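Quick mapping for you: the protein sequence lines, in order, are chains A and B. FYI, in the working numbering the residues of the first sequence are 1 to 472. FYI, in the working numbering the residues of the second sequence are 473 to 944.
Number of protein chains: 2
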Amino acid sequence: MADLLQTLSEITGPGGVLTGTDVTSRAAGIWMSESIEAQTMVRPKTTAEVSAVLAACHETGQPVVAHGGLTGLVGSALTERGDVILSLERMNRIEGVDRVNRTMTVQAGTVLQAVQECADEHGLMYPLDLGGRGSCTIGGNISTNAGGNRVIRYGMTRDMVLGLEAVLADGTVVSSMNEMIKNNAGYDLKQLFIGTEGSLGVVTRAVLRLREKPRSQETLFVAVDEFDKLPELLKLMDARLGGALSAFEVLWNNFYRLVSTPPAKQRPPLAQDSPYYVLIEAMGGDDQTDKARAEAALEDAYEAGLVTDAVIAQSEAQRLELWAMRDDVEQINRFPPIFIYDVSLPIPRMEAYVEDVNRGLAETFGTYRNFAFGHLGDGNLHFGISAGSDNSAKKGVDRAVYAPLAGIGGSVSAEHGVGLDKKAWLSVSRTADEVALMRTLKRALDPRGILNPGKIFDAAEGAREDVDVAAG
Amino acid sequence: MADLLQTLSEITGPGGVLTGTDVTSRAAGIWMSESIEAQTMVRPKTTAEVSAVLAACHETGQPVVAHGGLTGLVGSALTERGDVILSLERMNRIEGVDRVNRTMTVQAGTVLQAVQECADEHGLMYPLDLGGRGSCTIGGNISTNAGGNRVIRYGMTRDMVLGLEAVLADGTVVSSMNEMIKNNAGYDLKQLFIGTEGSLGVVTRAVLRLREKPRSQETLFVAVDEFDKLPELLKLMDARLGGALSAFEVLWNNFYRLVSTPPAKQRPPLAQDSPYYVLIEAMGGDDQTDKARAEAALEDAYEAGLVTDAVIAQSEAQRLELWAMRDDVEQINRFPPIFIYDVSLPIPRMEAYVEDVNRGLAETFGTYRNFAFGHLGDGNLHFGISAGSDNSAKKGVDRAVYAPLAGIGGSVSAEHGVGLDKKAWLSVSRTADEVALMRTLKRALDPRGILNPGKIFDAAEGAREDVDVAAG
C-alpha cells in the first residue's frame with residue numbers, strides 16, 4: 001500500500017491524496033452519523049489523473065470506491081478499511097453550455113443544483129430534481145440513474161445524458177461525449193455506466209440534455225376515494241394535459257395526515273378523510289391559458305367521478321406549500337425506528353401489494369405504521385415504515401416489503417439502486433440468468449474486480465478475497 | 473452442416489427449417505432486388521426453440537443472422553452462403569395489453585403496424601412510426617433502436633421498451649420483462665440488445681410502453697429565411713407548445729421544390745422561394761383549444777421574425793397532404809444513381825456542415841444534386857444525393873458526406889445503424905477505445921462470434937475465419 005500511496009501522490013500532486021483522519025473524520029454519507037472506514041482518498045483533478053490512478057490500482061488489485069455527493073440511500077458508496085476512495089470533488093467544473101443545441105458539458109463532480117442554476121441562467125432547464133440536489137453530483141446521479149419527481153415527463157437520468165466519458169478499471173479512457181439525441185453508430189456504450197453504481201467504470205464527464213424552461217406551472221391537489229380511480233385519473237390527466245403532465249404523486253391517507261397535521265408545518269388543503277390524495281403538476285408553455293386548461297381537465301375528472309375534492313394552487317406560494325407538504329417526509333422520523341423503502345411494480349397490482357405488505361407487517365410486528373406515498377405514474381412506491389423497537393426489526397420489515405414483490409414483476413429498487421442494502425433481495429427482482437449476465441459484464445470490464453467490489457451482487461466466488469490479498 | 477440441419481429440424485418441427493430455393497427465392501430486403509444468399513432459414517415458434525437453435529449453432533460455431541421484417545437500410549441483415557438465418561416470422565403474437573399499466577407484451581416478430589393498431593384499439597398509442605411500419609418488426613426496431621418522426625416527443629425505440637427477453641449466443645435465455653418505468657435493481661441488461669443489430673443476442677419478446685392517444689393534432693408548415701432561425705424556431709415552438717411538440721421536420725429548398733412540383737403529387741402550400749421550410753406538429757390533449765394555441769405560438773414566431781410565411785392545416789385532409797409531401801422521398805429516385813444518408817451532428821454546426829458536404833460533392837463530381845431534409849430537433853439530417861453516372865460513385869459520395877463529420881462530433885448513423893454499409897466509416901464517429909470496448913462486449917457475450925458476424929465492426933482479428941472453419 002505504501003508504494004501505491006506514493007504513486008497516487010505523484011499522479012495527483014499536492015493535496016491529491018488524503019489519508020487517516022483527513023478521510024475518517026468525514027461522514028460516510030451526508031445523512032449518516034458513521035464515519036468513512038477507508039483510510040485513503042485520492043482526489044484527481046483531470047480525466048488523465050483518474051486514468052493514471054485507476055491504472056495504478058488495477059496493477060496492484062487495489063479496490064476503489066468512487067465518491068460523488070454521498071447522498072445515496074443504499075450503501076453503494078460505503079467503504080472498507082483497505083479501500084481507496086476516488087473522489088470526484090475536484091472535478092466539478094461546468095465546461096460549457098450550448099443554448100442552441102440545448103446541451104451542457106460538465107465534469108462528473110459537478111453538483112446537481114449548480115447544473116440546474118446554470119441551465120436556468122441560459123433560459124433552459126435540467127429537469128432532474130431530487131432532495132439531495134445541493135450535494136449530489138452528476139456523476140452520482142449517473143451511476144445510480146437517479147429519478148425524482150418529474151420522471152413521468154422527462155424520464156430518469158438515463159434519458160438526460162446524451163454522452164459521457166468514463167475510465168475503465170485498467171485506466172482506459174472511453175470518451176463517448178455524444179451531443180445528439182439520435183446516434184446509432186455502434187453500441188450505446190454510455191448505458192454501461194448509467195445505473196451500474198460505479199462497478200463498471202468511473203464517469204468523469206458528461207453531456208447533459210437540457211430542456212426549454214416551462215412558462216407555467218399548474219399544481220392541483222385532489223382527493224380520490226378508491227385505488228382503482230388513481231390510474232384512471234392518471235390516464236385522464238396525461239391525455240388531457242397533452243404532454244405537460246410532469247408529476248403525479250400519490251399520498252396514502254396516513255401519510256397525508258402526517259404531513260398536514262402539527263407538528264408538521266403545513267395545514268390540510270383538503271379534508272383528511274379520503275383514502276388517497278394526489279399532487280398533480282403540469283409544466284406548460286402558455287401562462288395565459290394553462291390554468292384554464294388544468295381547470296378543464298379537473299372538471300372532466302370530477303364528471304368522470306374520479307376525484308371527490310380538489311384545490312388548484314392560486315399562487316406560487318400556494319404551489320410551494322403543496323410541494324412542501326408532499327416533501328415533508330422527515331415527519332416520519334417522529335416514529336423511530338423508521339425504515340424507508342423504494343419499490344416499483346405494475347400499477348394494477350399495487351393496491352393488493354400494499355395490503356400484502358401491511359398484512360406481513362401485522363403478522364410479524366403486531367403494531368406498525370406504514371406511511372405510503374409515491375410516484376404512481378412511474379409504478380414507484382415509497383414506504384416509511386415504523387415497526388419493532390430498534391434497528392433489529394429491519395430484517396422483518398425487509399421481508400414484509402420485498403417478499404411479496406416476487407412473482408408480481410416488482411422491483412426491490414425503483415430509483416435508489418441496490419448497493420449493499422438491497423443486495424440480499426436482488427433475486428426477488430432478477431433471475432439467476434440475469435445476475436449471471438451482470439457478472440459476465442463485470443468480469444469483462446473489470447477482470448480484477450477492483451471497482452466498488454461487493455456492491456449490487458457478489459462477483460465470482462472468491463473475487464473479493466483475491467483482491468484483498470493483492471492489496472495487502 | 474448436415475448434422476446441424478437435422479438438429480435444427482428436430483428442434484423446430486415440421487416447416488421449421490427452410491433450405492435452398494425456399495430461402496434464396498426471397499429478397500434480401502424488402503426494398504432490394506437481390507436474393508438472400510444464405511441457404512438455410514430456421515423459424516422457431518417459441519423462445520425455448522430459439523434457445524435450442526442457438527445452443528446448437530454455438531456448439532458448432534455456426535454463424536447466425538436474425539431476421540425481422542428486412543426493412544433495414546444498412547445491410548445489417550445480409551447473409552453469406554454458409555449462414556443460418558434465424559427468422560422470427562413465426563413469433564408474431566401480441567401476448568397482452570394492459571390498459572391501466574399502459575404496456576403491451578409482444579413476441580419479437582410482431583409487425584410494428586399490428587402493435588400500433590392494437591394500441592389504438594385500447595385507446596392508447598405506440599408512438600414509434602416509420603415508413604416500414606407494415607413490414608418491420610418490433611425485434612428489428614429494437615435491434616436497430618429505430619427512430620422515426622416523433623423522437624422529439626417520445627424518444628427512440630430505446631425509450632419505448634420497458635423490458636425484453638433475449639437469447640444469448642450459447643442459448644441462455646435472459647428474461648428481463650420489466651413492466652415499470654422505474655427499475656434500478658441492478659444493471660439495465662436490456663440496453664445490451666437495443667441498437668446492437670443482433671450481434672449480442674436475439675430478442676424474442678418485449679414489454680412496450682404505450683402512451684395516451686392524442687386528442688388533437690395540429691400541423692403547421694412554415695417558411696424560414698435563414699438557417700440560424702431554425703433552431704430558434706424549434707426552441708420557441710418547444711417552449712410554447714408545452715410538451716406537445718411531436719415533429720419538427722426541416723426541408724431544404726430543393727427538396728421542397730422536388731416534392732411539391734409535378735410529377736410529385738402534392739402542390740406547394742407556400743411559395744417555393746425560401747431557403748428552408750419546416751413541418752411542425754403538435755399532439756395535444758384538447759381539441760377545443762389546441763388550434764388556438766398553435767396559432768398563438770405561430771404568431772409569436774412571426775413577431776420574433778423567425779418565419780416569413782406559414783399555413784396551418786385546417787382539416788385532417790390538409791394535414792395528411794402536408795405529411796404526404798414531406799414523406800414523398802421517392803421523388804429523389806427520379807435522378808439515379810441516388811445515395812441516401814442518415815447522419816446526425818450538433819445543430820449549431822449543421823449549416824456549415826451541409827456546405828462542406830456540397831463543396832466536397834462539387835469537387836469530386838462537378839455536378840450533383842443533394843436533396844436535404846431531416847428531423848432537425850434530433851440533430852438528424854437525411855441526404856438524397858444524386859452524383860456520378862452509376863453506383864461506383866458511392867465511395868466518393870460517402871467520403872463527401874462522412875469525412876466532414878470527423879472533428880465536429882457528428883455521427884455517421886443517426887437512426888439507421890451501421891450494419892455493413894457504414895462499417896468502414898465507424899471510426900469517424902467512434903474512437904478506437906470505444907470500438908475496443910464494443911469488441912470486449914462482443915467477446916464476453918458471444919465468445920465464438922456466431923451472432924451476425926462482421927456487422928458494425930470486425931471482431932478480434934481472425935474471428936470470422938475461425939468460425940467459418942468450425943461451421944464447415
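Backbone N, C-alpha and C fix where the C-beta goes; we use that ideal spot for every residue, glycine too. Values in this document were obtained by computation on a predicted structure and should not be read as measured data.
Integer-rounded CB distance, given that residue j should sit under 8 angstroms from residue i
i, j, result
"P535/B", "P925/B", "5 angstroms"
"E232/A", "L112/A", "The Cβ separation is near 34 angstroms, so there is no contact."
"S216/A", "D327/A", "Going by Cβ atoms, the distance from S216/A to D327/A rounds to 21 angstroms, so no, they are not a contact pair."
"K662/B", "G379/A", "Contact flag wrong, Cβ pair sits at about 16 angstroms."
"G643/B", "T609/B", "Actually they do not touch by this definition, with Cβ atoms about 22 angstroms apart."
"T484/B", "R515/B", "6 angstroms"
"L636/B", "M652/B", "Their Cβ separation, rounded to whole angstroms, is 14 angstroms, which puts L636/B and M652/B out of contact at 8 angstroms."
"F807/B", "N726/B", "With a Cβ gap of about 11 angstroms, F807/B and N726/B do not count as contacting."
"A185/A", "V890/B", "6 angstroms"
"S507/B", "R498/B", "7 angstroms"
Contact with chain A by residue i, beta-carbon distance below 7 angstroms
i, result
"R911/B", "no"
"M473/B", "no"
"K763/B", "no"
"A872/B", "no"
"Q588/B", "no"
"D905/B", "yes"
"A773/B", "no"
"N573/B", "yes"
"P703/B", "yes"
"S732/B", "no"
"E690/B", "no"
Pairwise C-alpha distance: residue j and residue i
i, j, result
"T761/B", "V722/B", "26 angstroms"
"R739/B", "A789/B", "14 angstroms"
"V329/A", "V259/A", "8 angstroms"
"E684/B", "D631/B", "15 angstroms"
"N358/A", "S274/A", "19 angstroms"
"L192/A", "M104/A", "21 angstroms"
"G472/A", "E80/A", "Since pLDDT at G472/A reaches only 31, below the 50 mark, its modelled position is unreliable, and the value read off the structure follows with that caveat. The straight-line gap from Cα to Cα measures roughly 13 angstroms."
"Y154/A", "L128/A", "8 angstroms"
"I928/B", "A782/B", "42 angstroms"
"G882/B", "V907/B", "16 angstroms"
"S315/A", "E321/A", "10 angstroms"
"E1013/B", "Q588/B", "What is shown of chain B runs 473 to 944, which leaves residue 1013/B out entirely."
Residue range of the unbroken alpha helix (DSSP H) whose run includes residue i
i, result
"M237/A", "229-240"
"F837/B", "822-837"
"L480/B", "474-484"
"T616/B", "610-616"
"L584/B", "584-593"
"R158/A", "Where R158/A is concerned, there is no enclosing alpha helix (DSSP H), given that its DSSP letter is neither H nor E."
"R153/A", "151-154"
Start and end residues, beta strand (DSSP E) containing residue i
i, result
"M649/B", "That residue, M649/B, is in no beta strand (DSSP E); it is neither H nor E in DSSP."
"R209/A", "202-209"
"V731/B", "First-last for V731/B: 725-731, but that is the alpha helix (DSSP H), not the beta strand (DSSP E)."
"T691/B", "688-696"
"F193/A", "Careful: F193/A lies outside any beta strand (DSSP E) and carries neither H nor E."
"R369/A", "368-375"
"L953/B", "Outside the displayed range of chain B (473 to 944) lies residue 953/B, so it cannot be described from this structure."
7 angstroms Cβ cutoff, residue i in contact with chain B
i, result
"A463/A", "Only weak support is given to the placement of A463/A: the predicted model assigns it a pLDDT of 44, under 50, and the value that follows is read from those uncertain coordinates. No - not a single Cβ of chain B is within 7 angstroms of the one on A463/A."
"N145/A", "yes"
"P348/A", "yes"
"E226/A", "no"
"S344/A", "yes"
"K182/A", "yes"
"Y353/A", "no"
"V418/A", "yes"
"Y187/A", "yes"
Mind pulling the alpha helix (DSSP H) runs of 4 or more residues that sit fully within the stretch 265-340 of chain A? 290-303, 316-326
Could you name each continuous alpha helix (DSSP H) segment of 4 residues or more that falls completely within the stretch 24-109 of chain A, going from the start of the chain to the end? 47-60
Extract the residue ranges of the alpha helix (DSSP H) inside the stretch 860-919 of chain B, only unbroken runs of 4 or more that lie entirely within it. 866-874, 898-901, 904-917
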